[in-house]
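Undergrad: The structure that follows is given in the form of structure tokens.
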DNA sequence: ATGGCCAATTTTATTGGA
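Numbering (the numbering used here), first residue to last: 307 to 570.
Structure below.
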């Protein structure tokens, strides 16, 4: 990505729920140093912007864009190239009550970094908030992003298909798998976004999240909730999406795997 | 008892994650 047309040539993009950037700093830095993604979208940074450890990322050659707050949620987007436009939160009022969205434009591509609401439980007030959050995001794309090259990536907190969780029967109509959540995700992606992972692998057993509890990693009992979606032109250029399992073997890992996409 | 979580803040409990 050396010239102004760089995004027209190959690039790589990472999305990773790091579960605290301060605790995970060494893990993330070593990953970036090894893989050198052109764009890195991090979620659950869990720190206010003024305390974000910018310097070590700048030393690796990244521009740092932030939308974080104290204690929970928060997203950060690191780019090798200069960012032309930054949008924190939804484009239009009212502002989101959490820090879950950061959109940047790099080399003519609009990249949404998302940390979708979990929903907490089907009975929680956070559940309709989650559904509404998805609807607002679709409305925003309709209002502001028609005709653009768009990547929407991050922690979606929705399991798209039954085979994207280790025990489909047990998760039927449970949180992350309800018809309402899947409809919300489908409505969002019906904007014209395709799941880049499914371009390469449609079988069962590929997961991005493994709970710290119940030895889920050791038992390979996970769920696929971290995604890279792209508009058709970019989707057609996607040559691989990999869930980088090695990251879970490092000391003090996140409960999410890094998801690394390469585009020609 | 054949299984045990993790991180941040409100910190020696509580909250939220998924």
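Think of the CB as a built atom: it goes at the ideal place given N, C-alpha and C, for glycine as much as any other residue.
(1) Which of the three DSSP states is assigned to residue 432 in this structure?
(2) With a Cβ-Cβ cutoff of 8 Å, do residue 470 and residue 562 count as a contact?
(3) How far does the alpha helix (DSSP H) with residue 373 in it reach, from first residue to last?
(4) Mapping the DSSP letters down to three states, classify residue 520 as helix, strand or coil.
(5) I need the straight-line Cα distance from residue 436 to residue 494, nearest angstrom please.
(6) Can you tell which of 513, 567 and 537 has its C-alpha closest to the C-alpha of residue 526?
(7) Quick one, are the C-beta atoms of residue 502 and residue 547 less than 8 Å apart?
(8) Considering only DSSP beta bridges, list what residue 323 is partnered with.
(9) Tell me the DSSP bridge mates of residue 500?
(10) Could you say if the region 385–395 and the region 421–431 meet the contact criterion of at least three C-beta pairs nearer than 8 Å?
(11) Quick one: measure Cβ to Cβ for residue 382 and residue 371, integer angstroms, because I've assumed they're closer than 8 Å.
(12) What number of angstroms, rounded off, separates the C-alpha of residue 564 from the C-alpha of residue 322?
(13) Determine whether the beta carbon atoms of residue 499 and residue 320 lie at a separation below 8 Å.
TA: Well, looking at it:
(1) Correct three-state label for residue 432: helix.
(2) no
(3) Unbroken run through residue 373 is the beta strand (DSSP E), 369–373; no alpha helix (DSSP H).
(4) helix
(5) Approximately 12 Å between the Cα atoms of the pair.
(6) 513
(7) yes
(8) Per DSSP, 349.
(9) 536
(10) no
(11) 7 Å
(12) 5 Å
(13) no
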